[in-house]
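Mapped onto our numbering, the consecutive letters of the sequence shown carry residue numbers 1 to 212. A virtual CB, placed ideally from N, CA and C, is assigned to each residue, including glycine. Computed from a predicted model, the values in this text were never measured in an experiment.
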Amino acid sequence: MELLVATRNLGKMKEIRRILASFPDCEVLGLEDVGIEYHSREEGLESFETFKENALSKANYFSGLSGLLTVADDSGISVDALAGEPGVRSRRFALDGGSASFDLAGQALDDANNRHLIESLRGIPSKGRTARYVCLAALVGNQNSKPLFFRGEALGLIVDIPAGSGGFGYDPHVFCEELGRTYAQMTPEEKDARSHRGTAFRKVASYLAKRA
Numbered sequence: 001m002e003l004l005v006a007t008r009n010l011g012k013m014k015e016i017r018r019i020l021a022s023f024p025d026c027e028v029l030g031l032e033d034v035g036i037e038y039h040s041r042e043e044g045l046e047s048f049e050t051f052k053e054n055a056l057s058k059a060n061y062f063s064g065l066s067g068l069l070t071v072a073d074d075s076g077i078s079v080d081a082l083a084g085e086p087g088v089r090s091r092r093f094a095l096d097g098g099s100a101s102f103d104l105a106g107q108a109l110d111d112a113n114n115r116h117l118i119e120s121l122r123g124i125p126s127k128g129r130t131a132r133y134v135c136l137a138a139l140v141g142n143q144n145s146k147p148l149f150f151r152g153e154a155l156g157l158i159v160d161i162p163a164g165s166g167g168f169g170y171d172p173h174v175f176c177e178e179l180g181r182t183y184a185q186m187t188p189e190e191k192d193a194r195s196h197r198g199t200a201f202r203k204v205a206s207y208l209a210k211r212a
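Written out as structure tokens, the structure is:
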């Protein structure tokens, strides 16, 4: 079985490949593997107000281009003290609400997002910094079947001082009380077992295993 994972985020792709390795009958393909080059249309795929809508938008788009069984996810972090923000705008938090330059990408954008998050929480005590990572994966078939959705969540506390060099995005600032360290300090196995993406994509793998 071939499965196209529709993301251009290298950190996310690495995690998804690792998680789906538990399903050996599935050949995980990236966009570069099937020759889908970047197009500016992709910038409008995540313009919706929910993780579900954004994930489905991406899955439908890339499934249409490739003709393959395709999974895409939308994920982010929702902070209680910020009324659930940045939520679906996690990847562009500093662009939408901060002073970051719009030409930022990669690690520079991650750093800007984290600075804006910490600044937004200035004056909020640690107990009030509860947050949850959310991942919503949409699986779209290569025929006229209904899309399927798989959700995962992971809890944490936002901390001012970053710790750890693993993971990506907000991981250095999200503290896991269960383990007593941030998501960036976890081993890949520890993170996969607890993360929002690990939960969602284990559900994807379980579904594919039953379908195979």
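Sequence-distant partners of alanine 205 (beyond 5 residues in either direction) whose C-beta falls short of 8 Å from its own C-beta, in its chain, are Ile19, Leu20, Ser22, Phe23 and Cys26.
When the Cα atoms are used, isoleucine 161 and histidine 173 turn out to be separated by approximately 7 Å. Distance from the Cα of serine 40 is smallest, within the candidate group Thr70, Tyr61, Lys210 and Leu56, for Tyr61. In this structure, serine 78 sits near arginine 132, with a CB-CB distance shorter than 7 Å. Listed as beta-bridge partners of arginine 151 by DSSP are Leu136. DSSP places valine 79 in no alpha helix (DSSP H) but in the uninterrupted beta strand (DSSP E) bounded by 70-79. Under the three-state reduction of DSSP, phenylalanine 51 is assigned to helix. Annotation: the continuous alpha helix (DSSP H) that includes glutamate 119 extends over 106-120.
From the listed residues Leu157, Phe150, Arg122 and Ala163, the smallest Cα separation to phenylalanine 201 is found for Phe150.
Shown here for alanine 59: same chain residues with a beta carbon closer than 8 Å to its own, the five before and five after excluded, namely Ala6, Thr70, Val71, Ala72, Ala138, Leu139, Val140 and Pro147 in chain order. In the three-state reduction of the DSSP assignment, leucine 4 falls in the strand class.
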